[in-house]
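Worksheet for the structure shown next.
Number of protein chains: 2
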Amino acid sequence: MNLKSIKNKTGPFVHTVFFWLKNPTHTSDRKAFEKAIRKLIETNPQAISNHLGCPAESEKRDVVDNSFTYCYVMIFPDEASQNAYQTDSTHLKFIEEASHLWDRVLVYDSLSINN
Amino acid sequence: MNLKSIKNKTGPFVHTVFFWLKNPTHTSDRKAFEKAIRKLIETNPQAISNHLGCPAESEKRDVVDNSFTYCYVMIFPDEASQNAYQTDSTHLKFIEEASHLWDRVLVYDSLSINN
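So the protein sequences, as listed, match chains A and B.
First residue of the first sequence: 115, per this note's numbering; consecutive thereafter.
First residue of the second sequence: 115, per this note's numbering; consecutive thereafter.
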């Protein structure tokens with residue numbers, strides 16, 4: 115199988131973050147979180163693509179975890195970019211502005227094997 | 115803030131699946147899994163983008179879970195496409211060919227709030 119034929123692959127480094135807010139039903143907390151993360155999306159220089167979402171109304175299945183408040187996916191061109199992001203001022207500013215709003219964060223870092 | 119200005123958003127519906135293989139160190143099991151999932155990527159008609167990866171060598175932090183064997187991200191244009199995928203023949207074929215290889219599957223479905 116020619117790996118180069120695999121269609122539209124979603125970037126080499128996928129950094130997926132799930133946030134559980136302390137007060138997920140409080141509109142003011144949600145607005146503050148969304149304002150901070152949208153600023154991050156608009157200003158961060160390392161990510162080449164971003165997704166910000168909430169749990170979809172998927173069919174309820176045992177393997178689906180829809181307990182999170184927000185899902186944030188960042189695509190980086192390589193590991194070096196993700197490492198640079200960790201200490202980038204836009205990332206640190208986001209943490210400063212929003213970390214008091216969340217109770218739990220869970221991160222998965224996946225490097226493409228289709229290169 | 116003009117939401118339309120948010121750069122390069124990664125699609126409306128992000129379906130993220132983590133697989134923990136029964137025998138993650140067995141080359142034959144990994145090859146069989148990768149063959150089956152690559153066939154899914156190449157033949158599935160609903161997803162508009164795909165990422166197949168393994169845990170990145172991220173800096174070890176408490177919030178990072180790098181215990182999975184494979185990460186598979188599918189981007190769908192909308193919820194209806196993801197629902198159609200659940201019963202699509204390419205998906206059922208993949209499960210038939212590879213489900214005996216995994217011990218655990220965890221799914222997160224996220225719908226963009228940037229539309």
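Quick reminder that beta carbons are idealized off the backbone N, C-alpha and C, glycines included.
Please read all numbers here as calculations on a predicted model, not as lab measurements.
Got a sec: is the Cβ-Cβ distance from Y222/A to anything in chain B below 8 Å? Position 108 of the first sequence holds residue 222/A. For Y222/A, the answer is yes, since a Cβ of chain B falls inside 8 Å of its Cβ.
Taking 6 Å as the limit between beta carbons, can you name the residues of its chain near P159/B, skipping five residues before and five after? By 1-based counting over the second sequence, the position of residue 159/B is 45. Within the same chain, no residue comes within 6 Å of P159/B by CB-CB distance, once the 5 residues on both sides are set aside.
Write down the C-beta distance between L166/A and I151/A rounded to the nearest angstrom, noting that I regard them as a contact closer than 8 Å. By one-based count along the first sequence, residue 166/A stands at place 52. By one-based count along the first sequence, residue 151/A stands at place 37. Confirmed, about 6 Å.
Helix, strand or coil: which one does DSSP assign to S172/B? Here residue 172/B is taken as the residue at index 58 of the second sequence, counted from 1. Looking at S172/B - three-state DSSP - the assignment turns out to be coil, as it is neither helix nor strand.
For Y222/A, which residues does DSSP report across the bridge? For this step, residue 222/A is matched to residue 108 along the first sequence. Among the bridge pairs identified by DSSP, Y222/A is matched with T130/A.
So which residues on chain B does T130/A lean against when the C-beta distance must stay under 7 Å? As a working note, residue 130/A is residue 16 in the first sequence. When 7 Å is used as the limit between beta carbons, T130/A is near these residues of chain B: T130, in chain order.
DSSP three-state label for N116/A, please. Here residue 116/A refers to the residue found at position 2 of the first sequence. For N116/A, the predicted model reports a pLDDT of 36, less than 50, meaning its position is unreliable and no value from the coordinates is stated.
Would you mind sorting S163/A into buried or exposed? The rule is 16 or more other CB atoms within 10 Å of its CB. On the first sequence, residue 163/A is found 49 positions in, with the first residue counted as 1. With a threshold of 16 other beta carbon atoms within 10 Å, S163/A meets it and is buried.
Who are V178/B's beta bridge partners in DSSP? By 1-based counting over the second sequence, the position of residue 178/B is 64. BP columns for V178/B point to V221/A.
Buried or exposed, going by whether 16 or more other CB atoms sit within 10 Å of the CB of T201/A? By 1-based counting over the first sequence, the position of residue 201/A is 87. When all chains shown are included, T201/A counts as exposed.
Count the C-beta pairs between the segment 172 to 189 of chain A and the segment 137 to 144 of chain B that are closer than 8 Å, then say yes if the count reaches three, no if not. Contact between the segment 172 to 189 of chain A and the segment 137 to 144 of chain B is absent: fewer than 3 CB-CB pairs across the two stretches fall below 8 Å.
Short of 9 Å Cβ to Cβ, which residues in the segment 160 to 184 of chain B face chain A? Of all residues in the segment 160 to 184 of chain B, those with a C-beta nearer than 9 Å to a C-beta of chain A are A161, I162, S163, N164, H165, L166, G167, C168, P169, A170, E171, S172, E173, R175, V177, V178, D179, N180, F182, Y184, reading in chain order.
Could you give the distance in angstroms between the alpha-carbon of L117/A and the alpha-carbon of A170/B? Within the first sequence, residue 117/A is the residue found at index 3, counting from 1. Within the second sequence, residue 170/B is the residue found at index 56, counting from 1. Per-residue confidence for L117/A stands at a pLDDT of 37, beneath the threshold of 50, marking its modelled position as unreliable; no derived number is given.
Please compile the residues from chain B whose C-beta is within a distance smaller than 7 Å of the C-beta of L225/A. Sequence index remark: in the first sequence, residue 225/A carries index 111 (1-based). Within chain B, the residues whose beta carbon sits less than 7 Å from that of L225/A are G167, C168, A170, listed in sequence order.
When the cut-off is 8 Å and only beta carbons count, does F208/B lie next to chain A? Numbered from its first residue, the second sequence carries residue 208/B at position 94. Using beta-carbon distances, F208/B does not count as an interface residue toward chain A, since no partner is under 8 Å.
Does the beta carbon of M115/A come closer than 8 Å to any beta carbon on chain B? For the purposes of this step, residue 115/A is identified with residue 1 of the first sequence, where counting begins at 1. At M115/A the pLDDT is 31, less than 50, meaning the model places this residue with poor confidence and gives no usable figure here.
Measure from the alpha carbon of N242/B to the alpha carbon of each residue in V128/A, Y222/A, W134/A, then state which is nearest. Since the first and last residues shown for chain B are 115 and 229, residue 242/B lies out of range.
Between T204/B, K149/B, S203/B, A194/B, which has its C-alpha nearest P126/B's C-alpha? Numbered from 1 along the second sequence, position 12 holds the residue referred to as residue 126/B. Among T204/B, K149/B, S203/B, A194/B, the Cα nearest to that of P126/B belongs to A194/B.
Assign F132/A to one of two classes, buried (16 or more other C-beta atoms within 10 Å of its C-beta) or exposed (fewer than that). As a first step, residue 132/A is located in the first sequence; it is residue number 18 there, counting from the start. Label assigned to F132/A: buried.
Candidates L215/A, A198/A, S226/A, L220/A, of which the one nearest K145/A by Cα: Translated into positions along the first sequence, residue 145/A becomes position 31. Comparing Cα-Cα distances from K145/A to each of L215/A, A198/A, S226/A, L220/A, the minimum goes to L215/A.
Name, going along the chain, the residues of the segment 191 to 215 of chain A whose beta-carbon falls closer than 8 Å to a beta-carbon of chain B. Residues E193, Q196, N197, Q200.
For the alpha helix (DSSP H) containing D143/B, name the first residue and the last one. For this step, residue 143/B is matched to residue 29 along the second sequence. First-last of the alpha helix (DSSP H) with D143/B: 141 to 157.
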